[in-house]
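Chemist:
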Amino acid sequence: MTESIARWFQGLHERTGINLTVFYDSFDAARFVSGIATTIELAFLCVILSLVIGLAGVIVQGSPSRLLKFSVNCYIQFFRNTPSLIQLYFFYFGLGPLIAVSNANGQSVPLVSNFAWATICFSIYAGAFNIEIFRSGVEAVPRTTVEAAESLGYTRLGSYIHVILPLALRISFPAFSNNMVNLTKLTSVSYAIAVPEILYASSQIWSDALNVPEMMNIVLVSYVFIVSIFVYAMGRVEKALRLPGIGL
Amino acid sequence: MAAEIVSGSGSILSVLASWTPYILKGFATNVFISIVSMALATVLGVLVGVGQVSTTRAVRAACWAFTNFFRNAPWLVVLFYCMLLLPFQFRIGGVVVAVPDWAKAILGIAVAASANMSDLVRGAIQSIPTGQWESAESLAFTRRQTLFLIILPQCIKRLLPPWMNLYALVMVSTPLCAIVGVNEIMTVAADILAANTRHDLLIPVYFYVLLLFFFYCYPISRITMRLERRFAVVG
């Protein structure tokens, strides 16, 4: 089956000149598939981390300490209003060499890999947006609900975890899922620091096989496909989280 | 190690100061790219957005497909697409017109942003109460007149805050052009680092560039927030 597909694409190349190496060359196919896997892995890790940052940030923002609130606000505004590419360069080229260890041969080896830096950087970037999104969700929770939780003897943290956040998360889910879609698209920027995701893997393939137009179209279609599946999945999660009777 | 950094801190500032005119020139390129591509994206986005509410089914489907395809494609990939697949020169009659890299980059960003713009326009048009359409119809306005004389002018106010948000997004996306080989602020930063070959310059240079973007984009986002609050319907 796979062999006949490979033969068909090889024939296509000979007949028409359309060179889709990823379908008949096992080496290119492996590179491309691992690129897709890297993109999905990166996106998944960033979604989880940025969710944690968003939740932690919104709890800190609700604290009475003005200094804490101010520093969270600074973090949000700084990361929202600066280019993520330069943030990535700042982390990878600026901070990366500072956090290095010497190996057995005395060479300096970076402790944090480029994949890890991309994960950290994109999570912090998307996390800044998440805090804002969750905050507006928390503000949309009715005052009376918060007061009811207080009168039942919940601590501030307890009322957040058991009452406010479950409601706020559902209110802010559409904006959150939109941000996560943007985050998934943002992972392609890690091309700049040579993380072997789809775009980088494809650029290696097209430098070897000189099939730029074909690969470019494949990259575009793969991204649209992955993001569409992600959008669909987020829609399913939103439906699954729905609480009947509260209008959420 | 620490002493080295402390002793060099004065000269870091002086190095940054001496390179500032060059850095600002690079930043001006980013501003130029962002303004031109935003203008293009606005025009294209309004056309496609209006197309999304067209009465002709084919136009509606085509505009919907364009919007959703480019909304789901990463901007960097669209940029690569424009950069690598557009010809580097055109032949009009006997005259060969070269297409510079930055023009292709502008087009790439504009196409990506226009998909977002198109959805904003569609949302704004649909947020206008249908009563407006009906009363215009009863006053014998044609559909085109209704759209351009009645509906779209009302959309401008609703569109302004998200449009400004989109502009800020376009601005912070312009450094992506450096990846595809356009000379702008990231190229300048790389030049400075190459010319000085000092490791302690890496963080200050990138931080300086980050600050430039911050001081350009933060006021925009403040104004956007204020406009949003002013235009918000109190309910």
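In the order they appear, the protein sequences are chains A and B. So for the first sequence, our numbering puts the first residue at 1; every next one is plus one. So for the second sequence, our numbering puts the first residue at 1001; every next one is plus one. For glycine and all other residues, C-beta sits at the position ideal for the given N, C-alpha and C. Quantities reported herein were computed from a predicted structural model and do not represent experimental measurements.
Got a sec: is the Cβ-Cβ distance from proline 64 of chain A to anything in chain B below 8 Å?
Modeler: No, no contact with chain B.
Chemist: Going by beta carbon distance, what residues of the same chain come within less than 7 Å of valine 231 of chain A, once the five residues before and after it are set aside?
Modeler: Only Val181 meet the Cβ criterion.
Chemist: Cα-Cα, which of A/Pro83, A/Cys46, A/Phe23, A/Glu197 is closest to phenylalanine 1178 of chain B?
Modeler: A quick correction: the sequence has alanine, not phenylalanine, at residue 1178 of chain B. The option with the nearest alpha carbon to alanine 1178 of chain B is A/Pro83.
Chemist: Determine the contact status of tyrosine 200 of chain A and glycine 35 of chain A, defining contact as a CB-CB distance below 8 Å.
Modeler: In contact: tyrosine 200 of chain A and glycine 35 of chain A (Cβ atoms closer than 8 Å).
Chemist: For cysteine 1155 of chain B, does the count of other Cβ atoms within 10 angstroms reach 16, so buried, or fall short, so exposed?
Modeler: By the 10 Å Cβ count, cysteine 1155 of chain B comes out buried.
Chemist: Cα separation between lysine 185 of chain A and methionine 1186 of chain B?
Modeler: Looking at the two C-alpha atoms, the distance is approximately 21 Å.
Chemist: To the nearest angstrom, how far is the alpha carbon of valine 1006 of chain B from that of glycine 137 of chain A?
Modeler: Residue confidence for valine 1006 of chain B is low, a pLDDT of 41 falling below 50, so the modelled location carries little weight and cannot support an answer.
Chemist: Rounded to whole angstroms, what is the Cα-Cα separation between valine 1205 of chain B and phenylalanine 79 of chain A?
Modeler: Computed Cα separation, rounded: 17 Å.
Chemist: If the cut is a Cβ gap below 8 Å, which residues of chain A does valine 1172 of chain B touch?
Modeler: The answer, in chain order, is Asn81, Thr82, Pro83, Ser84.
Chemist: Please list, in chain order, the chain A residues whose beta carbon lies closer than 8 Å to that of alanine 1168 of chain B.
Modeler: What alanine 1168 of chain B touches in chain A: Asn81.
Chemist: May I have the straight-line CA-CA distance separating serine 1011 of chain B from methionine 1038 of chain B, to the nearest angstrom?
Modeler: Serine 1011 of chain B and methionine 1038 of chain B: Cα-Cα distance of roughly 39 Å.
Chemist: Once the 5 residues before and after asparagine 114 of chain A are set aside, which same chain residues still bring their CB inside 7 Å of it?
Modeler: So the list reads Tyr92, Ile193, Ala194, Val195, once near-sequence residues are dropped.
Chemist: Per DSSP, what are the beta-bridge partners of isoleucine 1092 of chain B in this structure?
Modeler: Its beta-bridge partners are B/Val1095.
Chemist: Which residues does DSSP list as the beta-bridge partners of serine 985 of chain B?
Modeler: Shown here, chain B extends from 1001 to 1235; a query on residue 985 of chain B therefore has no answer.
Chemist: Does tyrosine 75 of chain A have its Cβ less than 8 Å from a Cβ in chain B?
Modeler: It does not; no Cβ of chain B falls within 8 Å.
Chemist: How would you call glycine 1235 of chain B, buried or exposed, if buried means at least 16 neighbouring beta carbons within 10 angstroms?
Modeler: Because the pLDDT at glycine 1235 of chain B is just 43, under 50, the model does not fix this residue reliably, and the value given afterwards should be weighed accordingly. Exposed, by the Cβ-count rule.
Chemist: Please go through the same chain and pick out, in chain order, the residues whose beta-carbon is closer than 7 Å to the beta-carbon of glutamine 1052 of chain B, but skip the five residues on each side of it.
Modeler: Answer for glutamine 1052 of chain B: Arg1060, Cys1063, Trp1064, Thr1067, Ser1118, Arg1122, listed in chain order.
Chemist: So what does DSSP say about alanine 104 of chain A, is it helix, strand or coil?
Modeler: It is coil, neither helix nor strand.
Chemist: If you draw a straight line from the C-alpha of valine 1015 of chain B to the C-alpha of phenylalanine 1027 of chain B, how long is it?
Modeler: Approximately 18 Å between the Cα atoms of the pair.
Chemist: Under 7 Å, CB to CB, which of the residues in the segment 1212-1231 of chain B have a partner in chain A?
Modeler: If the cut-off is 7 Å between Cβ atoms, the segment 1212-1231 of chain B has Phe1213, Phe1214, Cys1217, Tyr1218, Ser1221 near chain A.
Chemist: Just reading off the alpha helix (DSSP H) that isoleucine 226 of chain A is part of, what are its end residues?
Modeler: Unbroken alpha helix (DSSP H) run through isoleucine 226 of chain A: 212-241.
Chemist: What residue range is occupied by the uninterrupted alpha helix (DSSP H) comprising serine 159 of chain A?
Modeler: It spans 156-159 - the alpha helix (DSSP H) in which serine 159 of chain A sits, taken as one unbroken run.
Chemist: Could you please give the first and the last residue of the uninterrupted alpha helix (DSSP H) stretch that includes leucine 1149 of chain B?
Modeler: Looking at the DSSP string, leucine 1149 of chain B is not in any alpha helix (DSSP H), and its letter there is neither H nor E.
Chemist: May I have the straight-line CA-CA distance separating phenylalanine 90 of chain A from proline 97 of chain A, to the nearest angstrom?
Modeler: Taking the straight line from one Cα to the other gives about 11 Å.
Chemist: What separation, rounded to the nearest whole angstrom, lies between the Cα atoms of leucine 1152 of chain B and leucine 1202 of chain B?
Modeler: Cα-Cα distance, rounded: 48 Å.
Chemist: Run the CB neighbour count on glycine 127 of chain A, radius 10 Å, all protein chains shown included, and call it buried at 16 or more, exposed below.
Modeler: Classification for glycine 127 of chain A: buried.
Chemist: Between valine 219 of chain A and chain B, is the shortest Cβ-Cβ distance under 8 Å, so that the two count as touching?
Modeler: At least one chain B Cβ lies under 8 Å of valine 219 of chain A.
Chemist: Within a Cβ cutoff of 6 Å, which residues of the same chain sit near valine 237 of chain A, ignoring the five residues on either side of it in sequence?
Modeler: The answer is none, since no qualifying residue turns up.
Chemist: Are the segment 20-32 of chain A and the segment 205-216 of chain A touching by the rule of at least three beta carbon pairs closer than 8 Å?
Modeler: Result yes; three or more Cβ-Cβ pairs closer than 8 Å.
Chemist: Is alanine 1073 of chain B close to chain A? Criterion is C-beta to C-beta, closer than 8 Å.
Modeler: Cβ-Cβ to chain A under 8 Å: yes for alanine 1073 of chain B.
Chemist: So if I threshold CB-CB distances at 8 Å, which residues from the segment 1067-1096 of chain B count as touching chain D?
Modeler: The structure shown contains no chain D; its protein chains are A and B.
Chemist: Enumerate in chain order the residues of its own chain whose CB-to-CB distance from valine 1099 of chain B is below 8 Å, with the five nearest sequence positions on each side excluded.
Modeler: Answer for valine 1099 of chain B: Leu1086, Pro1087, Phe1088, Gln1089, Phe1090, listed in chain order.
Chemist: Going by C-alpha distance, which of B/Leu1176, B/Phe1148, B/Ile1128, B/Thr1056 is nearest isoleucine 1106 of chain B?
Modeler: With distances taken between Cα atoms, isoleucine 1106 of chain B lies closest to B/Leu1176.
Chemist: Distance cutoff 8 Å, beta carbons only. Does phenylalanine 270 of chain A sit that close to anything in chain B?
Modeler: The structure shown does not extend to residue 270 of chain A, since chain A is modelled only from 1 to 248, so the question has no answer here.
Chemist: Is proline 1021 of chain B helix, strand or coil when you go by DSSP?
Modeler: Helix, per DSSP.
Chemist: For aspartate 1191 of chain B, collect the residues of the same chain with a Cβ closer than 8 Å to its Cβ; drop the 5 residues on either side in sequence, then sort them by chain order.
Modeler: Cβ within range, chain order: Tyr1022.
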